[in-house]
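> Respectively, the protein sequence lines represent chains A and B.
One rule links them: number in this note's numbering = place in the first sequence (from 1) + 120.
At position 41 of the second sequence the residue is numbered 37 (this note's numbering), and the sequence of numbers has no breaks.
By construction, the Cβ of each residue, glycine as well, lies at the ideal position given by its N, Cα and C atoms.
Please see the structure below; I have some questions.
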Amino acid sequence: MDNYEAVIGLEVHVELHTKTKAFCSCPNEFGKEPNTNVCPICLGLPGVLPVINEALLEYAVKAGLALNCEIAAFSKFDRKNYYYPDLPKNYQISQYDLPLCRNGYLDIEVNGATRRVGITRVHMEEDAGKLVHGEGGADYSLVDLNRAGVPLLEIVSEPDIRTPEEAKAYLEKLKSILSYIDVSDCKMEEGSLRCDANISVRPAGTGILNPKTEIKNMNSFRAVQRALEAEIKRQCAVWAAGGTVESETRAWDENKGTTVPMRSKEEASDYRYFPDPDLVPIVISPDRVSRIKSELPELPDARARRFTSEYGLSAYDAGVLTASRALADFYEACARNYRDPKLVSNWVTGEFLRLVNARNLEIRDVKLTPAHLVEMLELIDKGTISGKIAKTVFEEMFDTGKRAEDIIKEKGLVQISDEGELSRIVEEVVTANPGVVADYRNGKEKAFAFLVGQVMKATRGKANPQLVNRLLKERI
Amino acid sequence: MKLSKKEVEHVALLARLALSEEEKERFRAQLSSVLEYADIINRLDTEKVAPTYHVLPIQNVERPDKEHETLPLEETLQNAPQRDGNYFRVPRII
Ligand SMILES: [Zn+2]
């Protein structure tokens, strides 16, 4: 397997979160009762006239620009014809030979190196409905057309990806960019981002193109990585055994940890694309493109570069903080109001993210505000609480949204910096542990840490650590 | 251009149509005559004519991103050959 390299291209579909569907005015909403979010247009009833949602076009141009694409001055919609019950018109409105965006790229970082992955095209299309298959051996399927007509972007990468890690990094970067420009929720688990992969392997460095397979049914970024790993292994084994890889569609089987054949790949000509006569061509003026470009927010790469220069963060921390716009916003709101942006970064990439993951939350749903964190850091600076107690306070703030000061009062967590009180406790600890004290005097450094620990225990962690160290040293 | 029987069968399959032998022959003749007519048009010199991407001379018809009423469920399902609760019911595909 070491002598082979993989050639991977990804095809990503993202649902855009416009208010209404792509070509009709039904709400673009998830989770309604089956078939209650439809109208004659998305049902494909005869005689209706679809009209493009201006937000779909704006979102698509935004995404194209954020992915460094050229925006086509002239673009049109085509019908992709195929018969499937989740597609009420028997064709999908899509774009074929004149997609809206072409020739873009995005940069990914893997193992400290930056690689550029080309983006062949980004085009607009509509989603299909959902099929619910009858239980057991039932010979019927049920159709829910609520999702039919929801706007999608199809984003096709060049076959520039060489490893499963790069594929995952590409998806993470894509998700990050699309979330920054606020066009999609990009939740793979909920189906608002879907990914298929084209993959072939070849002897390393030869540049030949072997038959590729298309992998479907991957439901998380991790699944994409694992499926590609398994498929590389499988294809390498086929070639190594003197066989030939068949060009086919395969499905990732999570339980088996392998890909399995699906159906033979339909030829493009079978879709019999032709221009959709219902939808008129799109001509986008340079003015409109520059207006949309001027409205783009600062994108993750640029923001990460600024975080390293403006706040003195490492490239790694800046990358973690800027991967999500909500996280970067949270961080920046704190960093702007506190003297030490690196310390803020430690708290945000550390405790904050730990709790976000442990509680399985979205950052926007976190009750803790940037002001809360800054207040707490200032309380540490003032000596009101110790850094150790701060972790307890932070977790409480995170879960309840209360202010640090209130939590400290309620729980009696104020740091004990009273010399008299601490001296008394130090005395007690020393008296109670004559053996340990003797060890320390005989040069055992660890014994000292034990004694400090005992003082901390007696004060339930509230003792001022610097003061405890000094008092203890003086006493013994 | 004469269509082969195989081509007719391929097109019929794509359209999910089950044709009898007699129909295949009938449609082969009809489709062939359509294509022959297209051949005549193809003979025209279009060297200096810009390609037509669309039959209408208008562009950029967009609608605002505003919600409208959806269809009541009973109307949505009124023509369904088979219904199952809120769903259209169809023969199983997979
Ligand atoms: Zn509709």
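Helix, strand or coil: how does DSSP classify residue 315 (chain A) here?
Residue 315 (chain A) falls in the strand class under three-state DSSP.
> Once the 5 residues before and after residue 388 (chain A) are set aside, which same chain residues still bring their CB inside 6 Å of it?
In this prediction, residue 388 (chain A) scores a pLDDT of 49, lower than 50, which makes its location untrustworthy; the coordinate-derived value is nonetheless stated afterwards. Cβ within range, chain order: n/a, list empty.
> Chain A beta carbons: is any one of them nearer than 8 Å to that of residue 36 (chain B)?
It does not: the Cβ of residue 36 (chain B) has no partner Cβ on chain A nearer than 8 Å.
> In this structure, does DSSP put residue 63 (chain A) in helix, strand or coil?
It is not possible to answer for residue 63 (chain A), since the shown part of chain A is limited to 121 through 596.
> Let me see if you follow: with CB-CB separation under 8 Å, is residue 270 (chain A) close to chain B or not?
So no, residue 270 (chain A) is outside the interface.
> Does at least one heavy atom of ligand 1 sit under 7 Å from the Cβ of residue 129 (chain A)?
Residue 129 (chain A) Cβ: outside cutoff for every heavy atom of ligand 1.
> Would you call the region 233 to 241 of chain A and the region 141 to 148 of chain A in contact, with 3 or more CB pairs under 8 Å?
Not touching, per the Cβ criterion.
> Does the distance between the C-beta of residue 172 (chain A) and the nearest non-hydrogen atom of ligand 1 fall short of 7 Å?
No, Cβ of residue 172 (chain A) sits at least 7 Å from all heavy atoms of ligand 1.
> Does the Cβ of residue 72 (chain B) have 16 or more other Cβ atoms within 10 Å, making it buried, or fewer, making it exposed?
Classification for residue 72 (chain B): buried.
> Can you have a look at residue 286 (chain A) and say buried or exposed, based on whether 16 or more other CB atoms are within 10 angstroms of its CB?
Buried.
> Residues of the region 171 to 184 of chain A in Cβ contact with chain B at a cutoff of 7 Å, in chain order, please.
Here the close residues are 171, 172, 173, 174, 175 and 177.
> Alpha carbon to alpha carbon, how far is residue 29 (chain B) from residue 39 (chain B)? Give it in angstroms, no decimals.
Answer to the nearest angstrom: the Cα atoms are 16 Å apart.
> Any residue with its C-beta under 6 Å from a non-hydrogen atom of ligand 1 counts. Can you list them all in chain order?
Residues flagged by the Cβ proximity filter: A:141, A:144, A:146, A:158, A:159, A:161, A:162 and A:269.
> Quick check on residue 501 (chain A): does DSSP put it in helix, strand or coil?
Residue 501 (chain A) falls in the helix class under three-state DSSP.
> Which first and last residues belong to the beta strand (DSSP E) in which residue 274 (chain A) is found?
Note, residue 274 (chain A): beta strand (DSSP E), 271 to 277.
> Could you work out which residue in A:382, A:427 and A:283 is closest to residue 346 (chain A) when comparing CA atoms only?
It is A:283 whose Cα lies nearest to the Cα of residue 346 (chain A).
> Using the beta-carbon count (16 or more within 10 Å), is residue 516 (chain A) buried or exposed?
Residue 516 (chain A) should be labelled buried.
> Scan the region 38 to 61 of chain B for residues whose Cβ lies nearer than 7 Å to a Cβ of chain A and list them as they occur along the chain.
The region 38 to 61 of chain B vs chain A, Cβ under 7 Å: 49, 50, 51, 52, 54, 55, 56, 57, 58, 59, 60 and 61.
> Mind pulling the chain B residues with CB within less than 7 Å of residue 609 (chain A)?
In this structure chain A extends from 121 to 596, so residue 609 (chain A) is not present and cannot be described.
> Quick one: what does DSSP say residue 401 (chain A) is sitting in, helix, strand or coil?
Coil at residue 401 (chain A), not helix or strand.
> Do residue 126 (chain A) and residue 335 (chain A) have their beta-carbon atoms positioned less than 8 Å apart in this structure?
Not closer than 8 Å, so no.
> Return the bridge partner residues of residue 298 (chain A) from the DSSP annotation.
In the DSSP output, where bridge partners are listed per residue, residue 298 (chain A) has none listed.
> Who pairs with residue 221 (chain A) in a beta bridge, going by DSSP?
Residue 221 (chain A) is bridged to A:191 and A:242.
> Applying the 10 Å Cβ sphere with the 16-neighbour rule, what's the burial state of residue 429 (chain A)?
Residue 429 (chain A) should be labelled exposed.
> Can you list, in chain order, the residues of its chain whose CB lies under 8 Å from that of residue 156 (chain A), leaving out five sequence neighbours each side?
Once the five neighbours on either side are set aside, the close Cβ partners of residue 156 (chain A) are 266.
> Determine the direct distance from the alpha carbon of residue 512 (chain A) to that of residue 422 (chain A), and round the result to whole angstroms.
Each residue's Cα considered, the two are about 35 Å apart.
> Where does residue 173 (chain A) fall in DSSP's three states?
In this structure, residue 173 (chain A) counts as strand in the three-state DSSP scheme.
> Using three-state DSSP, classify residue 388 (chain A) as helix, strand or coil.
Confidence in residue 388 (chain A) is poor, its pLDDT being 49 and thus under 50, which makes the residue's placement too unreliable to answer from.
> Against chain A, does residue 83 (chain B) count as a neighbour if the rule is that its beta carbon must be under 8 Å from one of theirs?
Yes, its Cβ sits closer than 8 Å to a Cβ of chain A.
> From the beta carbon of residue 137 (chain A), is the nearest beta carbon of chain B less than 8 Å away?
By this cut-off, residue 137 (chain A) is not an interface position.
> Quick one: which chain B residues come within Cβ less than 8 Å of residue 258 (chain A)?
Neighbours of residue 258 (chain A) on chain B, chain order: 88.
> I need the DSSP call for residue 338 (chain A), collapsed to helix, strand or coil.
Residue state, collapsed to three classes: strand.
> Using only alpha-carbon positions, find the residue among A:315, A:491, A:295 and A:316 that is nearest to residue 306 (chain A).
Nearest option by C-alpha distance: A:295.
> Grouping DSSP H, G and I as helix and E and B as strand, with all else coil, what is residue 212 (chain A)?
The answer is strand: DSSP assigns residue 212 (chain A) an E or B state.
> Under a Cβ-count criterion, where at least 16 other Cβ atoms within 10 Å of its own Cβ denotes burial, should residue 197 (chain A) be classed as buried or exposed?
Classification for residue 197 (chain A): buried.
> With three or more beta-carbon pairs closer than 8 Å as the criterion, would you say the region 542 to 556 of chain A touches the region 574 to 586 of chain A?
Cβ pair count under 8 Å is three or more, so yes.
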